[in-house]
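**Student:** Okay, here's the structure, questions in a sec.
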Amino acid sequence: FVQPYQTRTSLLREGEETIYPGSAAIPPFPPPPAQQHSPMSSQATAGPLLPGSLPPLPAPVAAQTPTLPGQQLTPDAFAIVERAQQMVEMLSEENHVLRQELEGYYEKADKLQKFEIEIQRISEAYEGLVKTTTKRESLDKAMRNKLEGEIRRLHDFNRDLRERLETANRQLASRDFDGHEDKATEGLYATQNKENLKEKEKLEMELAAVRSANEDQRRHIEILDQALNNAQAKVIKLEEELRRKQAYVEKVEKLQQALTQLQAACEKREQMERRLRTRLERELDSLRMQQRQGSYQASSLPEHNAPALMELVREKEERILALEADMTKWEQKYLEESTIRHFAMNAAATAATERDASAPSHSHNGSYGETALEVRGWQEEEEIVQANRRCQDMEYTIKNLHAKIIEKDAMIKVLQQRSRKDPGKADSASLRPARSVPSIAAAAGAHSRQTSLTSNQIAEERKEEKLWKGSIGEFCLLVHPSLHANPSA
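Going by full-length UniProt numbering, 468 is the number at position 468 of the sequence shown; the sequence numbering is gapless.
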């Protein structure tokens, strides 16, 4: 293909030189574009088929003189041009054909690349199959060797058995001659065998009895272990309950001490009230006598002493109201103490009766679980429950009494405020009928005798009140420990 192409290009160049001897050289045809091909295509086929660029037509060496405008082309020139056009068409057709062939080669190269990939996969699969087959062959060889060794061992064992059988047959054949002696020995062996069987049966019976006894002992041991564990747990519970009871006993002792202090304070307060009551009764009697005897002295008093006398009357009335309130308060406290004492005695009596009633009710059944410790535990649990109930009842009664005391204090304060709001009312009708002063003169006499109460008595009363309040507070804190956290209650 290249040689005719070169001949054609040379002919075209000669024709151009003959047609245009004096004109400039015609530029050569542009080279065909380089066709890209796949990397898998062979370079041997691409070299001669597609050169990098066609050789350009050589330019004339000598300078040509330009053609004159008046010159005309000859018929030979027209023929050469037509021939050149035909050659160009032929070259374009050949170029098109060559391009189609090149595309076909590209497709073939792609197919070859795919074939190479498939061949590579097949080779890899073949290598895997070869490996697996080699492994199988090695395993088959190992199994074959193992089976051959087993067969050899069995052959040897069979040979040994045959030899033993032959020796046994020989021994039997030799014993046929000694049949009589063998019968006697067989009889002895049979009797010995029977005796051995009897002894074996006896031993088996003894073994069964020993096993049953062993099982009974194991059960007994398990029961004893359970009873021991239960007893230990109950002992721990009883120790905890004992600690609680000791704490309760300490609380009860403290409560008893507080009660004794309260009783002593109440007795002192009662003695003081009796003394004050007798003294006030005496003063009232003396005032009444003075009122009866010295009624004329009221008219002789100057008029400017009336406000002072009214003030004295008001103070005395306040003092009388305060004393009456104190008296009612101490009476209420005495009643509260008596109720608490009565309640404590009733609780102790009920606890004793319940204890006596619950003691014979518990009967011993002979089992491992019910023991004296269980009975004691039940009794202590009942005592704890009763003590808790008693404490709750005492707390409830103390709360009620405390509420009543607060109500009485509020009533006393209201009465004192009312008495202070009415300073101008000094009539005998405003006073209480049983414990009031009948007249102004009696009030003056009472004022003169009221100074007989010394400061020592007042200080003693205040000390007793402080002692009473402190004992009540201690009693409440012992009974209801939550008051420590809330002192405002």
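From the three backbone atoms N, C-alpha and C, an ideal C-beta is built for every residue, glycine too.
Count the other CB atoms, across all protein chains shown, that sit within 10 Å of the CB of L221; report buried if there are 16 or more and exposed otherwise.
**Tutor:** Along the sequence shown, read from residue 1 onward, the residue named residue 221 stands at position 221. The displayed chain sequence assigns Ile, not Leu, to residue 221. It counts as exposed.
**Student:** For V249 and A387, what's the separation of their Cα atoms in angstroms?
**Tutor:** Residue 249 sits at position 249 when you count from the first residue of the sequence shown. Residue 387 sits at position 387 when you count from the first residue of the sequence shown. About 10 Å.
**Student:** Assuming contact is defined by CB atoms lying nearer than 8 Å, are Q332 and K408 in contact in what I supplied?
**Tutor:** As a position in the sequence shown, residue 332 is number 332, starting the count at 1. As a position in the sequence shown, residue 408 is number 408, starting the count at 1. Yes.
**Student:** DSSP three-state call for T74: helix, strand or coil?
**Tutor:** Sequence index remark: in the sequence shown, residue 74 carries index 74 (1-based). DSSP places T74 in coil when its eight states are reduced to three.
**Student:** Do you know how far the Cα of L312 is from the Cα of L276?
**Tutor:** In the sequence shown, counting from the first residue as 1, residue 276 sits at position 276. In the sequence shown, counting from the first residue as 1, residue 312 sits at position 312. Roughly 20 Å between the two C-alpha positions.
**Student:** Sorted by chain position, which residues of the same chain lie with C-beta nearer than 7 Å to Q85's C-beta, five sequence neighbours on each side aside?
**Tutor:** The residue you call residue 85 lines up with position 85 of the sequence shown. If we look at Q85 and ignore the five residues flanking it on each side, it has no Cβ neighbours.
**Student:** Out of curiosity, what's the CA-to-CA distance linking M327 and R314?
**Tutor:** Counted from its first residue, the sequence shown places residue 327 at position 327. Counted from its first residue, the sequence shown places residue 314 at position 314. Roughly 20 Å between the two C-alpha positions.
**Student:** Looking only at C-alpha atoms, which of E381, E137, R420 sits nearest to R243?
**Tutor:** If you number the sequence shown from 1, residue 243 lands on position 243. For R243, the nearest C-alpha among the options comes from E381.
**Student:** So, is K131 buried or exposed, given that buried needs 16 or more other C-beta atoms within 10 angstroms?
**Tutor:** Walking along the sequence shown from the start, residue 131 turns up at place 131. So K131 ends up on the exposed side.
**Student:** Could you pull out every residue in the same chain whose Cβ sits closer than 7 Å to the Cβ of C266, ignoring the five residues on either side in sequence?
**Tutor:** Translated into positions along the sequence shown, residue 266 becomes position 266. Contacts found: K333, Y334, E337.
**Student:** Do K245 and I340 have their beta-carbon atoms positioned less than 8 Å apart in this structure?
**Tutor:** By one-based count along the sequence shown, residue 340 stands at place 340. By one-based count along the sequence shown, residue 245 stands at place 245. Going by C-beta atoms, I340 is not nearer than 8 Å to K245.
**Student:** Quick one: residues in its chain with C-beta nearer than 6 Å to the C-beta of Q100, no 5 flanking neighbours on either side, listed in chain order?
**Tutor:** To locate residue 100, count along the sequence shown from 1; it is residue 100. Closer than 6 Å at the Cβ level, and outside the excluded window around Q100, lies no residue.
**Student:** If we count the other Cβ atoms within 10 Å of its Cβ and call it buried at 16 or more, is K316 buried or exposed?
**Tutor:** Within the sequence shown, numbered from 1, the residue matching residue 316 stands at position 316. Buried: at least 16 other Cβ atoms inside 10 Å.
**Student:** Count the other CB atoms, across all protein chains shown, that sit within 10 Å of the CB of E150; report buried if there are 16 or more and exposed otherwise.
**Tutor:** For the purposes of this step, residue 150 is identified with residue 150 of the sequence shown, where counting begins at 1. E150 comes out exposed.
**Student:** Out of K237, K135, L415, A264, point me to the one whose CA is closest to I320's CA.
**Tutor:** Residue mapping note: residue 320 aligns to position 320 of the sequence shown, counting from 1. With distances taken between Cα atoms, I320 lies closest to L415.
**Student:** Can you tell me whether A142 is buried or exposed? The criterion is at least 16 other CB atoms within 10 Å of its CB, across all chains shown.
**Tutor:** Within the sequence shown, numbered from 1, the residue matching residue 142 stands at position 142. Result: exposed.
**Student:** With 16 as the cutoff for other CB atoms within 10 Å, does A233 come out buried or exposed?
**Tutor:** Taking the sequence shown and counting its residues from 1, one reaches residue 233 at position 233. A233 is exposed by the Cβ-count criterion.
**Student:** Please report the distance separating the alpha-carbon of L154 from that of Q120.
**Tutor:** To locate residue 154, count along the sequence shown from 1; it is residue 154. To locate residue 120, count along the sequence shown from 1; it is residue 120. Their Cα atoms are separated by approximately 50 Å.
**Student:** Within 10 angstroms of the Cβ of L161, are there 16 or more other Cβ atoms? Answer buried if so, exposed if not.
**Tutor:** Working through the sequence shown from its first residue, we reach residue 161 at position 161. Classification of L161: exposed, given that the 10 Å Cβ count is below 16.
**Student:** Hey, out of A231, R279, M345, whose CA is closest to Q256's CA?
**Tutor:** In the sequence shown, residue 256 corresponds to position 256, counting from 1. If we check each option's Cα against that of Q256, M345 comes out closest.
**Student:** Is the Cβ-Cβ distance between A325 and I412 less than 8 Å?
**Tutor:** Translated into the one-based positions of the sequence shown, residue 325 becomes position 325. Translated into the one-based positions of the sequence shown, residue 412 becomes position 412. Contact flag set, yes.
**Student:** Assuming the contact rule is C-beta atoms closer than 8 Å, W330 and R292 should be a hit. Round their C-beta distance to whole Å, please.
**Tutor:** Residue numbering aside, residue 330 sits at position 330 when the sequence shown is read from its first letter. Residue numbering aside, residue 292 sits at position 292 when the sequence shown is read from its first letter. Contact flag wrong, Cβ pair sits at about 32 Å.
**Student:** Can you tell me the Cα-Cα spacing of D216 and M205, whole angstroms?
**Tutor:** Indexing the sequence shown from 1 puts residue 216 at position 216. Indexing the sequence shown from 1 puts residue 205 at position 205. Cα-Cα distance, rounded: 17 Å.
**Student:** Would you decide whether L262 is buried or exposed? Buried here means 16 or more other CB atoms lie within 10 Å of its CB.
**Tutor:** Stepping through the sequence shown from its first residue, residue 262 is reached at position 262. Flag for L262 reads buried.
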